[in-house]
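Have a look at the structure below before the remarks.
In this note's numbering, the protein residues as written are 1 to 370.
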């Protein structure tokens, strides 16, 4: 069978992108939409035909958790070697009594381990096209949908989807140095992105995610357990948002890294405070002497304790001070600010290479995928 025809695929229409494929119950009024498993299975198990992924011309049925998906094996095999082995190797074949193949509506049934929400995100992307949604007024993708897609594409070895998902996450939910000190979006997902990166062998979200841990009260790494749902009016969800505890609980090694990061941040902040900047004054004024005199009052004594935990924000506050009003000439102010901005960059890069031990290419992501 070739790639499923457009006639059998759900169509796009704004927020409701999938037009549900007709189920067997609709084709045959006497057929129940919910089917019980084979009698040999647990009698209490109710299997549900997924409303968005039950294609009349599908040639296989895949069971994930208690949901059945009637889909096209040739289409999935084109996308991933995993599905070639899954459908042709026999590992996923379900049997009804230990010897006979289990079939639903004439289609062979395969059982796939994992979460239904991950599999639906993968099918959603594959059947709809990797660039979905692509209209000017389309919603942004929720981090939930992108995380589900990244997990599914990693474990099912679908490189195109994995590459697309990680770059969307970096673009929409990662933060750069310019916003790291006040990026609430990334902060809400910090532990989730760290766990996601570990599971999917990704590094490009790690610097921003770990740095955002510093913004949590007293480095409370369980702070994001109190989760604020994303805005459904602004973000696209492939299904109802559900996060499980193991998707945001850090490992012991990650907790150790977070503590090392806090120590690194404190050290760099106190290094910054230890002495005022000194540069040759282009106007031959006494700017260095003035800065030495006012440094403690305007910087050391004026900064709150949070800056020791979040140095990028602390340095930015110093950059934003109107130094010319305090007697520093414009030329020196320009030199000072350039030096302070470089210090911010050095601290940011140090999170990756010093604390996390990453190479430069491991912290970089391409924002757009053609």
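For every residue, glycine included, the Cβ atom is placed at its ideal position computed from N, Cα and C.
Cβ shell of residue i (< 6 angstroms), same chain only, five flanking positions each side left out
i, result
"residue 242", "none"
"residue 29", "A caution first: residue 29 carries a pLDDT of 31, below 50, which makes its placement in the model unreliable, though a value can still be read off. Correct list: empty, nothing qualifies."
"residue 299", "318"
"residue 78", "none"
"residue 360", "none"
"residue 268", "311 and 347"
"residue 209", "190, 193 and 194"
"residue 337", "319"
"residue 35", "At residue 35, the pLDDT of 42 sits below 50, so the modelled position is not reliable; the number obtained from the coordinates is stated separately. For residue 35, where only same-chain residues beyond five positions count, the Cβ hits under 6 angstroms are 47."
"residue 297", "none"
The alpha helix (DSSP H) enclosing residue i, as first and last residue numbers
i, result
"residue 127", "116–128"
"residue 294", "287–295"
"residue 170", "159–173"
"residue 339", "330–350"
"residue 266", "252–273"
"residue 314", "311–319"
"residue 82", "81–88"
"residue 302", "Premise fails: residue 302 is in no alpha helix (DSSP H) and is neither H nor E."
"residue 206", "206–213"
Range covered by the beta strand (DSSP E) that runs through residue i
i, result
"residue 48", "46–54"
"residue 281", "First-last for residue 281: undefined, no H or E at that position."
"residue 108", "107–111"
Supposed close pair residue i, residue j - CB separation, criterion 8 angstroms
i, j, result
"residue 147", "residue 196", "5 angstroms"
"residue 236", "residue 354", "About 37 angstroms separates the two Cβ atoms, so there is no contact after all."
"residue 205", "residue 170", "6 angstroms"
"residue 276", "residue 295", "4 angstroms"
"residue 321", "residue 344", "That pair is no contact at about 15 angstroms."
"residue 65", "residue 103", "With 8 angstroms as the limit, residue 65 and residue 103 do not qualify as a contact, their Cβ atoms being about 20 angstroms apart."
"residue 194", "residue 254", "6 angstroms"
"residue 80", "residue 198", "The Cβ separation is near 22 angstroms, so there is no contact."
"residue 192", "residue 248", "5 angstroms"
"residue 63", "residue 76", "Not a contact, Cβ separation roughly 15 angstroms."
"residue 143", "residue 230", "7 angstroms"
Beta-carbon proximity list for residue i, same chain, < 7 angstroms, skipping 5 on both sides
i, result
"residue 172", "140 and 141"
"residue 290", "327 and 328"
"residue 333", "323 and 324"
"residue 335", "279"
"residue 200", "150, 151 and 154"
"residue 239", "117 and 120"
Beta-bridge pairing of residue i - partner residues as DSSP gives them
i, result
"residue 146", "In the DSSP output, where bridge partners are listed per residue, residue 146 has none listed."
"residue 372", "Because residue 372 is not part of the residues shown, which for the chain are 1 to 370, the question remains open."
"residue 68", "49 and 63"
"residue 140", "235"
"residue 245", "According to DSSP, residue 245 bridges with nothing at all."
"residue 103", "108"
Cutoff 8 angstroms; reference residue i; Cβ partners in own chain excluding five residues on either side
i, result
"residue 377", "Any answer about residue 377 is impossible in this case: the structure gives the chain only from 1 up to 370."
"residue 73", "1, 59, 60, 83 and 87"
"residue 348", "177, 180, 207, 211 and 312"
"residue 270", "308"
"residue 358", "203, 206, 207 and 352"
"residue 264", "350, 351, 354 and 355"
"residue 23", "With a pLDDT of 36 at residue 23, under the threshold of 50, the modelled position of that residue is not reliable, and no figure is offered here."
"residue 27", "Reliability fails at residue 27, whose pLDDT of 31 lies under 50, so the model's placement of it is uncertain and no value is given."
"residue 341", "319"
"residue 339", "277 and 279"
"residue 257", "210, 355 and 356"
"residue 373", "One cannot answer for residue 373 here, as it falls past the ends of the chain, which runs 1 to 370."
"residue 246", "195"
Item to complete: Indicate whether the contact test is met: 3 or more Cβ pairs, each with one atom in the segment 111–125 and one in the segment 142–159, closer than 8 angstroms.
Response: yes
Fill in: At least 3 beta-carbon pairs within less than 8 angstroms: the segment 105–116 vs the segment 63–71
yes
Item to complete: Determine, using beta-carbon pairs with one atom in the segment 326–334 and one in the segment 283–297, whether at least three such pairs fall under 8 angstroms.
Response: yes
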